[in-house]
Every structure is written in C-alpha cells, then in structure tokens.
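> One structure coming up, written as structure tokens, with questions to follow.
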Amino acid sequence: MSVDLHNHSSFSPDSQTPVEEIVEEAILKGLKVIGISDHDDLDDSFPDSYRMKDPEIYLRSLSRMKENSVIKVLAGLEVGLQSCAKTLPEGDFDYFIYSVHGIPGIKDLTSGDVWTLYLEEAIEAISGIDRPGFFGHIDFLRRYLPGHKALDNEELLCELLRKLIRAGIGIEINTSGWRYPYKEPSPQRWIVEKYFLCGGKFVTIGSDSHRREDVGSHVSDALLLLKSIGFKEVFYCEKMEYKPVALTIY
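So the sequence shown is numbered by the working numbering: it starts at 1250 and just counts up by one.
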C-alpha cells in the first residue's frame, strides 16, 4: 500500500491545486492513502508565513472527499512550529506534520552555524508536543543553503530524534528532495538510519506536492530506502491514531 501524507492544496497560498485534483492524481498513481496537509504557521512573523484562515471550511471540504473517494483521504495540517508558538489548532484533524520553517532572528542563512541554530530551535519547538504526527523534512534548510550544505551537527540531531521518539512523534521521508538538485530525500538516508537505530518506528512518506503532477512523486524510492534500512512498516494517522501498513515494494 502506497502512502503520501504531505500535499498542499489551494487552501495554502503556495498552491493552486484543488483538493479534488490531488485525490484524482493519487488514484491515477495507485496510492491507497492520501493526506492533505495545508499550511498553518503558528508564528506568522516570518516572511511567507501563513495562518490558515478558514479551518472549518477546509475540514468540511476534506470530509466530503473522505465520503466520496475510492481511496482513504485524510485531513492533515502542516503546523509551522516555533519555540515561541506551539499551541496546536483545534479541529477534526487526522494528523499533524510538525515543521520548523525558520530560526527566530536569523534572516541570513549564508553565515554562521545555521544547522546548530536550527536544531536548537527544533528541539525547543517540539518540547511539550504530544499529539500524534510526524516531524516534517528534518533537513529541509538544504533547499536554501549555499551549495545545499547538508546537516552536520550529529549530536543535536540525535537529541532531537530521541526527543521525538520519547514523545511518540514520527518522522517524514519527504520526497521533494529528489526534485531538488541534490537528488536526496529530506532527511538524508543517514539521518533516517539514526532514527531507526535509536528505536524510532513511526515513519511516513510525503511528497510535499504543491502541484498535481508531484502528488506521489518518488514514493517508490522512499519505500525502497526504508526497506533497505530495515523498516517493516510505514504509518499514517487516522483520527489521531497511528495505523501501520506493511512495507510493500511494487
């Protein structure tokens, strides 16, 4: 069974894709579980941050898709956490993707120990969060760093991973990295291996699509990666409960 839990619809300002088209594309690509996870940045002081304006309308739209679709449709939300803003929104959400999209006070990512600052912020942002979900694209800053510099603070990374595991929060294999010049998932394989060796098991897959054509992209690559590391299952959340799916390669 193929799962893609990270998709942005026209309820996010950076996507023009209707929810209906995301589900249609998921069906065409043979996915069995599709999650819509539009943006809600709890700290709206960052450039390009976005608070979801109509969560009730959003949830009603997804409820209709759940009722009328031949595949499982889930109502998610990509919650933009920060150390100063982590009160989770209320509503009938199936799951959250917890993403830290910035470092307070840092606008220039070209100098300084960016990865240390980012991981320190992520560790603090996730503190106290205990609702099921998945930490999104752990090393996504590579998109914006000179030379796409990879995460390099292993000690703080392990602290973050252990904190997630203790809180019962999973991680996401974000396949969008394969669409960037560095051609690797986010996080990189060695980070996923660290999570596995630390005892982590709640792992999911998300394409981070903002266009119809990217729905489900590189999901098969993510499945192969997880199988080679030793994972036996991937997970999704329905009504805030983890559901395992046997890891099957097509």
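Quick reminder that beta carbons are idealized off the backbone N, C-alpha and C, glycines included.
Quick caveat, the model's predicted, so the values are computed rather than measured.
#1: Three-state secondary structure (DSSP) at Thr1266?
#2: Considering only C-alpha positions, which residue in the set Thr1359, Gly1396, Leu1368, Asp1357 is nearest to Leu1410?
#3: For Asp1287 versus Leu1308, is the C-beta spacing smaller than 8 Å?
#4: If you draw a straight line from the alpha carbon of Lys1398 to that of Leu1323, how long is it in whole angstroms?
#5: On the DSSP letters alone, give me the boundaries of the alpha helix (DSSP H) that Asn1317 sits inside.
#6: Taking Glu1270 as the reference, give the member of Asp1290, Leu1311, Tyr1485, Gly1354 with the closest Cα.
#7: Closest to Ile1454 by CA distance: which of Thr1359, Ser1435, Arg1461 is it?
#8: Which residue wins for smallest C-alpha separation from Asp1303, given the options Asp1297, Asp1289, Glu1487?
#9: Leu1198 and Ile1372 look like a contact to me (Cβ under 8 Å); what is the Cβ gap, rounded to whole Å?
#10: Can you give the beta carbon distance from Glu1421 to Phe1384, rounded, assuming they're within the 8 Å contact cut?
#11: Return the Cβ separation of Val1363 and Thr1424 in integer angstroms, given the expectation that the two are a contact with Cβ distance under 8 Å.
#12: In terms of residue numbering, what span does the alpha helix (DSSP H) encompassing Lys1476 cover?
#13: Taking 7 Å as the cut-off, is the C-beta of Lys1481 nearer than that to any heavy atom in the ligand FMN?
#14: Whose C-alpha, out of Ile1378, Val1268, Lys1335, Cys1407, is nearest the C-alpha of Val1441?
#15: So Cys1486 is in the beta strand (DSSP E); what residue range does that whole segment cover?
#16: Beta carbon of Val1328, beta carbon of Tyr1299: below 8 Å?
#17: The alpha helix (DSSP H) that contains Tyr1444, what's its start and end?
#18: For the candidate residues Glu1305, Gly1279, Ser1294, Gly1449, whose alpha-carbon lies nearest to that of Ile1320?
#19: Let me make sure I understand the geometry here. Which of His1350, Tyr1444, Trp1427, Gly1382 has the alpha-carbon closest to that of Glu1403?
#20: Which value, in whole angstroms, describes the spacing of the CA atoms of Tyr1429 and Val1494?
#21: Please work out which residues of its chain come closer than 6 Å, Cβ to Cβ, to Phe1260, disregarding the five sequence neighbours upstream and downstream, and give them in chain order.
#22: How big is the Cα-Cα spacing for Glu1490 and Phe1484?
#23: Reducing DSSP to helix, strand and coil, say where Val1452 ends up.
#24: Should Thr1359 be labelled buried (16 or more other beta-carbon atoms within 10 Å of its own) or exposed?
#25: Measuring alpha carbon to alpha carbon, tell me which of Thr1266, Val1272, Pro1338, Met1314 ends up nearest Ile1301.
Looking at the coordinates:
#1: The answer is coil: DSSP assigns Thr1266 none of H, G, I, E or B.
#2: Leu1368
#3: no
#4: 34 Å
#5: 1304 to 1317
#6: Leu1311
#7: Ser1435
#8: For Asp1303, the closest of Asp1297, Asp1289, Glu1487 by C-alpha to C-alpha distance is Asp1289.
#9: Past the edges of the chain, shown from 1250 to 1499, lies residue 1198, and the structure says nothing about it.
#10: 7 Å
#11: Their Cβ separation, rounded to whole angstroms, is 23 Å, which puts Val1363 and Thr1424 out of contact at 8 Å.
#12: 1468 to 1478
#13: Questions concerning the ligand FMN fall outside what the structure shown contains, since it holds no ligand whatsoever.
#14: Cys1407
#15: Looking at the DSSP string, the run of the beta strand (DSSP E) that includes Cys1486 is 1482 to 1487.
#16: no
#17: 1438 to 1446
#18: Nearest Cα to Ile1320 within the set Glu1305, Gly1279, Ser1294, Gly1449: Gly1279.
#19: Tyr1444
#20: 28 Å
#21: Asp1287, Tyr1307
#22: 10 Å
#23: strand
#24: exposed
#25: What sits at residue 1301 in the sequence shown is Met, not Ile. Ranking the options by Cα distance to Met1301, first place goes to Pro1338.
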